[in-house]
Structures are given as structure tokens and as C-alpha cells.
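Under my numbering, the sequence shown is numbered contiguously, ending at residue 1073.
Quick reminder that beta carbons are idealized off the backbone N, C-alpha and C, glycines included.
Working notes for the structure below.
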Amino acid sequence: MAVASPGKWSLGPRHMGAGGSARAVRNAEARPLFVEGSIVRIFMENFLTYDVCEVHPGPNLNMIVGANGTGKSSIVCAICLGLAGKPSFIGRADKVGLFVKQGCLKGVVEIELSKAPDNIIITREIQVVNNTSAWFINRKPATLKMVEEQIAALNIQVDNLCQFLPQDKVGEFAKLSKIELLEATEKSIGPPEMYQFHCELKNFREKERELENLCREKANSLEKMKQRIERYKQDVERYHERKRHLDLIEMLERKRPWVEYENVRQQHEDVKQSRDQAKEELKNLKELQSPVTKKIQETEEYFKSLDMKIRDKATEIKDTSQKCKQKQDALEMKDKQIEEIHQALRMKKDEEMDRQRKIHNTYKLIEDWKNELNTMADSENLQPQTDAINNELKKLQEERANIDGDISDIRVEKMNQEREKKRIIDRLGQLNNIMNRKEENLKGRFRDTHSALMWLRKNKDKFKKEVCEPMMLEINMKDNRHAKYVENHISANDMRAFVFESQEDMEMFLVEMRDHQKLKVNAVCAPAESCAENLPSRPIEELHRYGFFSYLRELFDAPRPVMSYLCSQYRVHDVAVGTEKTRNMIERVIQETKLRQIYTAEERYVVKVSAYTNLVLSTNTSLRAAQFLSSSVDTDERRQLENQQQDINNTLKSLDMRLTMLFERQKYLEHRDNELRQQKKELVERGNRRRQLESKIGVKYDSLKQLEQDAIDLEKESQQANIKIKEINTQKARLVTELMHLIKNCISLNILKADLVLQSTTVAAEKNRLESEYKAASVQLRAAEQRFRELDDRKRVLTENCKELLKKARQVCKLSPDQHLPKEFQTAFQALPTTLEEIDAVLNEEKTRASCFTGLNASVVEEYNKQTQEIQQLTEYLEEKKNELDNYKQNISQVKERWLNPLKKLIEQINEKFSNFFSSMQCVGEVDLHVENEEEYDKYGIRIRVKFHSSTELHELTPYHQSGGEKSVSTMLYLMALQELNRCPFRVVDEINQGMDPMNERRVFEMVVKTACKESTSQYFFITPKLLQNLTYNDRMTVLFVYNGPFMLEANKWNLKSFCRRRRRLGRMDEQ
């Protein structure tokens, strides 16, 4: 084997190379030709890891071997993208521009395909800026469609997992459904028409289902329409019968107005004759009543003159009575004046008696006070006692003033302390709100963890050592801007994990949570020996020149167990955090600092050393935004605030005790002050009593003197009252004389009035008699007038009715005002009833019969004719679709025979080879055609069943049942079974042996070599990072080594012949 045409690529600061080998054959002349469509040459420029590289694969098995990261899968990507494959199928990126080497604006992939007489060269230029591609065929510009047509003509299917299986899609082969696997196999190894027949069958079956549903639906519709038209037929007959009844009703309704008119006209003639007779009677009655009316008028005038005289006498009587009333009122007033004089005299007597009683009481009170003065001793000396009390009161006031000052000072101090306490409580509330938000965030994202947290807070006494709440609650950032570094460094599972100091406590907690409460929670145990104080490998000051400003541990606070766990597990004490300056000089930082994890402003770098080449490899990822730690609590501030709050509470308690003592002392002093003031008041009152008595006696003597001066002469007052009463009695006598004269005048006037009233009564009786006679005659006259008016009104109404009925009758028959009733109407009317009652009876009967035919109108006949026509059209359409359905069934039968028989033979061949391969590995494998319903062609599929252990049953290959190695072996052997039957020009399998154990890998490799190196097989690419030792090789194999190193030559300087000569020369030197 030999190597040829190296390429170069760069990673980080160091330039390295990668190359592929040429064919390793002993005799190039005897080498078989390439299968049409197989790959002759692959050229890459600025593609992924390559600067420039050209690969020349062989026509049979091509083993592409190289360490991880050297560029093997880049060749697979070049094949896929160079042959019009989509980036998404590779599974690495979704944009083609991302496959261009970093730092370059354009990449080129060129694939040379074998074809007679001249090979086809397909070139794809990829532009990074606008993520577009330019296509060329044989160096001439082309479109993507032209390239796809060329590739399809060669039966190349890079989107078919049975032909092209890239590294990131290996696991998806086992996920293929049975239906997808059948389609992929048909495209890969079946004749070109097989997949076409399958698609036709699915389309035919879909059309067949549609036609069957359509025919079934139309047949149902046709049956319903036939049933409906039967109902319509009966309705049409009923409609005609109803029309006969309606015609008779119409004629009756035309005759009825004429009958009504004739009846009313006859009534009009009768009423006119009666009115003329009533008019003559009314005239005779008016002539007889005229003399009675004249006599009633004369009696009425005489009665009015008498009534006027009676009213005049009544007026005179009223005036005289009014004067009598005035005299009576004057007499009553004189009586009241006499009574008032008697009342004034009685009041004078009562006033004098009251004065005498007051004088007697005053003398008695003065005598009592004089006796008290005589019994009272001389005033004793009370001044020493008063002075002693005043001195004690002064001392009490001074002490109370001092206590008031102390209380005021304590209250001011208490107010200041309470104000400070409120400020601290508000600040603690703000910090608690932050913690509450963090807990709500935990509850929203990890409900089980929150439930476990609630349980822990209630049961902390059950644990021997300290238990810390989830880290996302315990970690507090010193600066919230740095939260993203911590969250990107610590896994999400650990962020919600509880931290224990004791392993026993942790196990007990997990048993309770997971087994008893069925909660999904995480828990970790801090190291037995604390790592919280571990020192970094170097001081941060040494890294300042690279833009680093801190280690992760210095960016946050956490309880000691949490910090110990993070230092032990995540080495937060030795992970440096940098700035944008660090990002700009990252290559230098990686080389010089030897740091394994680095954080810049927005990225995280992980540095590893290759196990193969000892080279430094780095990967970088963008930092996620912080989710859990963006809100943090300053624990030092919180602890300081809680201590201050406790001190203030103690101070307030002490101040309250002092206030209580001062209030008690103040209460005692106030009580003592009241006692002393009461004693002082009693002493003062004892000194003032004698002076008060002497003053009161003097006042009472003055009052007694005034009472004696106010005496009343009762005899004189009595004489004056008698004189006034005598004068008033003289006035009363004069008023009585005048009253008697007025009463006599009033009696004579009443006698005259009574005579006039008798005359008026006689005249009124005569008048009433005459009016009664006149009234009797008037009643007869009014009755005659009423009868005349009623007959006249009735004649007028009947006249109008006749006009209206005649007009209505002409309108019903559609006649003009001057037109007579036509002969045909007269003839028809003669056959109908002649009275209204008979006409109404027949009308009601005919209307009742017509009403029995409900829901019928002229549209029934139209709908009947329309439905008849639609049934005929639908019958013809249904017959046409049934013929079309029969044709589809015939086509399905023909295509099915041409598709299913070859397919069964093909699957039998695949099954035979697949079973043989498994048998050689002491396992069992089967491939069969899976059919759920023979008519459902879109449900046909290929089922793979395998058994790797003798004690198990055959199981279908699924993404879940078999292990990774078993799926890889099954996939590889199925592809090998297709290899010998393959009609595709090449097959690519990338790193499928990674999950296999050494025994299966060796067996599979031997089968691959044996199958893919046959002369009749197509080209095969097998990519792997490693191979077992002492494997079987074949001369038809081509081994392509992809390697890199610091001493790689440029691609254009590589010479295979010189390398071989040098290798032989070194070999001879080793032999010597």
C-alpha cells in the first residue's frame, strides 16, 4: 500500500496536513474498471479542515482510516455536498456556508464520476457571504437541476440511507420504518421500474379508494333521489286535486259580493220608505206642542219676580242679625273685663302673703347662723400645716418634671430605633422577595425539586449534619452580570441538586423522595475533607495581562458544603474568567497559560490534548443567558441586617422596661400630689368658714329690710276694683236695650218673608204641572226625532254599503265601472248557491278540503321535473365512474403482478444473503416483506428480525430493543446483503463499527472485504477511526490513510514514487 497527494489544514495556531493514499494493488494493469457512476476522484479546497486535498479512491472497497479529528468525515461531507446533497442530511449544519473552512470566503468541492466514453466532473463552489453555490459540469456553468438530472441518471442517491450512511445518520438507519426501508431498498438495488411501479400502485390505490368512495356516495345519493321523486309524484297528483278546489273557491268568492250587494240594496229600499213615514209624524207632533210652551214661559217669569222679593227680605234679615250679634259680643267683652279686675285683686293678696312668709323664713335663717357663730371657737393657727404641704408638693412637681423629661427622651430614642427597625425590615423584605422569585422560578421549572424543598424545611431535624437547599437557591452572585459564567459551568442537574455533608443523610433523603414520595430529585454529597479553601494553580494577578479578572469561585457566595462540592467537582477555584481582551488573544492564551477551561466575555473554551498526536485541541461555545442566578441576595448584607435587627429588638425591649418603671413612678407621684392638694384644700376651707357666715348674715339683713319696704295696701286695692266694676255694669245695661229693639225688627222681617215663600210655592207647583205635561209631549217628539235620525243614518250607511259592495263585486270579477256582468259569469253563478249562508257553507267545505293539501305549490311540479332530469344525469355519471373504477382495478392488477413478484424475489435474495451473514456469526437474521393489507400498497414494508443470543427469540430491529453494537451489526450486514445485488454505483458507510465488540467487528470486516472486493460489485467506502490487528485484506482493497502532523508536506510537493523509493531504501538499511 502506498500514500499519495497530501493536503494541508490548520487547527488553532499550528499548521498540519492530511492526505489520502492511492490504490494499493500489485498489478495496475489487471485492475477492473470503475462501475459507471462510481467516484474516480475527489478534490477539496478550503473545505472544513482542508486547505487543499485530492483523493483517488479505488473501484471496489475503499478503507478510509485515520484518527478522530483528522478529516475522514470531511471526505464524506464532500461526496454528499458535491453530488447535490442537502446539508441537513449530513446532520452537521443546516447551511452550506458553514462547511467552508473558517476564515475563508469560498470553498470548492469537485467530484469526478466514471462514465463512458468520458468521465463527468461536477464542481460546486460555495460562497460564505450569501450562503449560495455555483455549479459546473465538466468545468462549464450549470444549474442545480442539471446536476441533479446527471446524478439521477447514474442512480446516485445520497439521500438514501441504504446507499449513503454518514456518521451522524448511522443511528437513524435503525429508526427507519418498515415502509421507509422498503422504499430505500427499492431505490438502491431494485430495477428502475420497481420503485416507479410501487408509486403507481400507491397512486392507483388512492384513486381506486377515491372512486370507490365516490361511487358509493353517488349510489346513495341516487337511491335517495329516487325515493324523493316517488314522494314528489304523489305531491304532484295532490297539487292538481288541490287546484280544482281552489278554482271552485275562486268562483264562489266572485259570486259572494254580488249576493251581498243585492241583499243590501233591498234593505236600502225598505229603510228609505220607513224614513219618509217618520218625517211626517215628526211634523204633526211639533204643531200640537206650541201653546203649552207659551203658558210655561209666563209662569216662569212670575216665579222669578217672587224669588227676587224673597232674596231682598233675606238680605235685610241677615243685616239685622249681624247687628244683634255685635251687641252680644260687646256684652261678653264687658263680662271679661269684670273677671280680669277680680283676678288682679286676688294676685295682690297672694303677693302680700308670699312677702310675709319670706320675712319669717329670713328671720329664722339669721337666727341659725348666729347660733353656729356662737358655737364656733376662735380661728386656730393652720399656717405650719399648709407650709409643710406646699413644700412636699414642690418636691413632687420637680420629680415629676424629671420623669417627664426622661419619658420624652426614651420615646424619642424608641422612635429612632423603630424607624431603623422598619428600614431593616423593608430591606430584608426586598432580599426575601428576591429569594421568593428564585423559589418561584424553581417551582415553575422543577416542581418535584420544589416539593422536596418544602419537605426538607419541615424535617431538618431528621438529619445529622447540615443539608443545603438546591444550589440555585444557595448560590448568590456578587454581581448579577457574572451569573452566566456560573450557570454555563455548573450542569442544570447540579443546579437543582441538594447538597449533603453526610452520605447517610443523603441516602435517607433520596429513599424518602424517590421511593416514598415518587419525586424526581437530585442530591450530591460534599467531600469529607472540605475543598472550599483550595488554592488556584496560580494567582489571578499573573493572568491579568491576558484579560482575566477573577476565578469563578470569587464571583459568588455559597455555604461551605456547596462551595466544597463545586471546588471538588467543577474546580471553580481554578477556572479563570476573562474579558473581550482574552477572546481577541485566545490562541496565545491557550498556548501560554495551559488552562483547560477558559471563559471570555461571551464564550467558553474547553482545551484538550489529543491522545493520538499530543496536540492541543480547543472547542468554543457561546454562553447561554443566565436563568437561575440573575437575581441574587448579598448574604453578608442579610446576615448584618439580621444582627442589627436583633440588637434593635433588645434595645427596644430595654426601653420598654424603663418606660414601664417610669410610668409606675409617675402614677404614684400623681396619686400623692392629689392627696396633698386635698389636705391643703380642707385646711383652707376650715379658715374661711367664719368669715363666710358673718358675710351671709349681713346680706340677709339687707334682704329683710327690702322686703319690709315692699308692703301692699289690700283695702285700697279692693275699693278701686269695685269702682271699675260699677262703671262696666252701666255700659252693659245700655247694650241690652239696643239688642231688644233689633230682635223685634228681625221678627217682623221673617213674617213678611214667610208670606212670599208661600206664594212662590203655589206658582212653582203650577209650573211643575205644566212642565210635566210638556215633558210627556217632548218625550214623544224626541222619540219621533230619534227614529227619524236613525232611519236617515241607516239609509245613508246602506247607500254607502251598496256603492262599496258594487265596487267590490266589480273588482272581484275584474270589471270596469260601466261594464255589465259577462254571460260566462252569469252562467257559472246560476250553478252555485243563491244565499250567503249556502255560499259560506260551500266555501268553508272547499277551503277545508284544500287545506288538507298543505306544503304544495307550483314549485313541486318544477322540482319533480328537475329531479327526474338529475336522476338521469347522475345515473349516466355513476355508470361512467364505475367503468373508470373497473379500469383502475384492472391496471392495479397488472402493475401489482409486475411489481410484487420481482419484489418478493428481490427480498428473498436479500433474506438469503442476510441470513447467511448472520449464520456465519452464529446468530439468526431474517428479512421478509411485511404486509398488513394486500390492497394497502403504501403500508408494504421490509421487516428485519434478528437474534444475537440462542436463548432469545427473533425480534424486529427497532431503535430501542437492540443495543448500539447489535444495531450497527444488523445495519452493516443488511447493507452487505444489498452490496451484491446493488445497482447503485457506490455506497458510503461512516464509522458504523464504533459500537461493535471486537469479535463482531472482525466478523463484519471480513464479510465486508469478501463482499465488496468481488469483481461484480460496485464501489464501497468504509470510514473508521481504528481497526483491529491482523485483519483479512484483499488485493482489490484501497486503503486511504488520513493523517496529520507538524511535518506534513504541501500537497503539490508530495510524490508517491519518491516516498516508495525512500521507504525501500530505509528497509534495506534496516536489514543490514
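Would residue i be called buried (16 or more neighbouring beta carbons within 10 Å of its own) or exposed?
i, result
"Q357", "exposed"
"F1", "Because residue 1 is not part of the residues shown, which for the chain are 2 to 1073, the question remains open."
"G430", "exposed"
"S89", "exposed"
"M514", "buried"
"K897", "buried"
"M507", "buried"
"Y669", "exposed"
"K749", "Residue identity differs from the one stated: residue 749 is Ser in this sequence, not Lys. Flag for S749 reads exposed."
"I649", "buried"
Out of the options, state which residue places its alpha-carbon closest to the alpha-carbon of residue i.
i, options, result
"Q923", "I872, R1004 and N1045", "R1004"
"T450", "E419, I404 and R497", "R497"
"N120", "I43, M741 and S89", "I43"
"V970", "E992, R988, P986 and F987", "E992"
"R554", "K179, C532, Q267 and I840", "C532"
"N892", "E111, F198 and Q164", "F198"
"V109", "Q646, F137, R93 and A117", "F137"
"K882", "L49, K107, P118 and R217", "R217"
"T959", "L660, K179, D939 and H361", "K179"
"E718", "E254, Q344, K582 and K371", "Q344"
"V129", "M147, K107, E111 and E880", "K107"
"K359", "A331, I339 and D711", "D711"
"A94", "V53, L49 and G59", "L49"
"I367", "K940, V862, K697 and D1036", "K697"
"L182", "K463, L837 and I943", "I943"
Can the beta-carbon of residue i be found closer than 8 Å to that of residue j?
i, j, result
"V159", "G86", "yes"
"K96", "N47", "no"
"E1040", "V66", "The amino acid at residue 1040 is misidentified as Glu; the sequence shows Val. For V1040 and V66, yes; Cβs fall inside 8 Å."
"R266", "C803", "yes"
"M455", "F629", "no"
"P840", "K287", "Looking at the sequence shown, residue 840 is not Pro but Ile. The answer is no: Cβ separation not under 8 Å."
"I1024", "V41", "no"
"V843", "L253", "yes"
"T972", "E1007", "no"
"R850", "H241", "no"
Tell me the residue span of the alpha helix (DSSP H) that contains residue i.
i, result
"H931", "Per DSSP, H931 belongs to no alpha helix (DSSP H); it is in the beta strand (DSSP E), V925 to H931."
"D1071", "L1057 to E1072"
"A484", "A484 to H490"
"R358", "S291 to T376"
Would you give the residue range spanned by the beta strand (DSSP E) that residue i belongs to?
i, result
"Y1021", "Q1020 to T1025"
"L114", "K107 to L114"
"N63", "L62 to V66"
Going straight from the alpha carbon of residue i to that of residue j, what length do you get?
i, j, result
"C526", "L616", "36 Å"
"Q732", "M334", "11 Å"
"R24", "M1038", "Below a pLDDT of 50, predicted positions are generally treated as unreliable, and R24, at 35, falls in that range; no measurement from the model is reported."
"R482", "Y961", "43 Å"
"E126", "V607", "33 Å"
"N585", "K519", "50 Å"
"L807", "N264", "11 Å"
"A484", "N477", "9 Å"
"K809", "I230", "43 Å"
"S1059", "Y1044", "19 Å"
"N751", "E301", "25 Å"
"L567", "N535", "11 Å"
"P537", "R561", "17 Å"
"R424", "D657", "20 Å"
"V1010", "N63", "10 Å"
"L1123", "K701", "Any answer about residue 1123 is impossible in this case: the structure gives the chain only from 2 up to 1073."
"M509", "R448", "21 Å"
"L1067", "L1057", "15 Å"
"R946", "S964", "14 Å"
Is residue i close to chain C? Criterion is C-beta to C-beta, closer than 8 Å.
i, result
"K906", "In the displayed structure, chain C is absent; only one protein chain is listed."
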